[in-house]
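Student: Residue 1 is where the sequence shown starts when you use the UniProt record's numbering, and the numbers rise one by one after that. Glycine residues also receive a C-beta, built at the ideal position from the N, C-alpha and C atoms. Only a predicted model underlies this, so the values are computations on that prediction, with no experimental measurement involved.
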Amino acid sequence: MDSIYLRIGTEYYKKALVPLHSGDKWSTLLKWKKGEIITDEGKDYLDEIEKYNGFCLIPSHVSYKQDIDGFYNEYEKLQHEFLSGDFKKTKAFLKHIFDEHYEIGLDYLTILWKHPTQILPILCLVSEERKTGKTTFLNWLKLIFQGNMTINKNEDFR
1 MDSIYLRIGT EYYKKALVPL HSGDKWSTLL KWKKGEIITD EGKDYLDEIE KYNGFCLIPS
61 HVSYKQDIDG FYNEYEKLQH EFLSGDFKKT KAFLKHIFDE HYEIGLDYLT ILWKHPTQIL
121 PILCLVSEER KTGKTTFLNW LKLIFQGNMT INKNEDFR
């Protein structure tokens with residue numbers, strides 16, 4: 001059963017999508033009172049709620065699991081539909097971004113996808129010029145990794 005409520009440890013949570021000013025939605029777990037669940041759903045509903053021992057964060061894009069040894073994985077499952085075929089526009093975009101380092105860029109992205117726990121060097125796209133694709137590349141990564149990635153501005157670090 002896919003309940004909107006969870007019990008993690010001794011606390012109850014409700015799965016929710018929080019609307020953002022960008023039009024996107026952010027998936028979160030809201031603490032919810034047991035009594036309110038009973039009021040809304042009835043006492044017998046508590047038996048149907050998925051139960052976990054606690055939280056964990058195990059990233060995986062290839063063999064994702066929500067439940068890892070009784071712990072709730074906070075890494076979000078990606079909602080992509082994979083299609084085979086040519087990727088001309090993406091290839092051209094990545095060649096533009098990485099230029100003579102295209103193969104290294106592909107290796108970096110492949111490792112990031114297949115082995116997300118692998119420690120990698122920090123990728124810095126540096127150019128004083130505007131309209132070079134730096135922000136577009138970040139937005140492209142956000143589309144791929146969805147709720148598992150955030151784009152921060154300088155103000156977020158102050």
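Give, in chain order, every unbroken run of the alpha helix (DSSP H) that is at least 4 residues long and sits entirely within the stretch 72 to 122.
Tutor: Correct list: 88 to 98 and 102 to 114.
Student: Determine contact between the stretch 95 to 103 and the stretch 48 to 64, defined as no fewer than three beta-carbon pairs at a distance below 8 Å.
Tutor: Too few Cβ pairs lie closer than 8 Å, so no.
Student: Starting from residue 20, trace the beta strand (DSSP E) in both directions and tell me its first and last residue.
Tutor: As a working mapping, residue 20 is identified with position 20 in the sequence shown. Premise fails: residue 20 is in no beta strand (DSSP E) and is neither H nor E.
Student: According to DSSP, simplified to helix, strand and coil, what is residue 40?
Tutor: As a position in the sequence shown, residue 40 is number 40, starting the count at 1. In this structure, residue 40 counts as helix in the three-state DSSP scheme.
Student: With distance defined between alpha-carbon atoms, name the residue in 94, 27, 61 and 158 nearest to residue 137.
Tutor: Here residue 137 refers to the residue found at position 137 when the sequence shown is read from its first residue. Of the listed residues, the one whose Cα sits closest to residue 137 is 94.
Student: Return the first residue and the last residue of the beta strand (DSSP E) that residue 159 is part of.
Tutor: Since the first residue shown for the chain is 1 and the last is 158, residue 159 is missing from the structure and cannot be characterised.
Student: So, under 8 Å CB-CB, residue 108 and residue 123 are touching, yes? Tell me the CB distance rounded to an integer number of Å.
Tutor: Start at 1 with the first residue of the sequence shown, and residue 108 comes out as number 108. Start at 1 with the first residue of the sequence shown, and residue 123 comes out as number 123. Contact flag correct, Cβ pair sits at about 6 Å.
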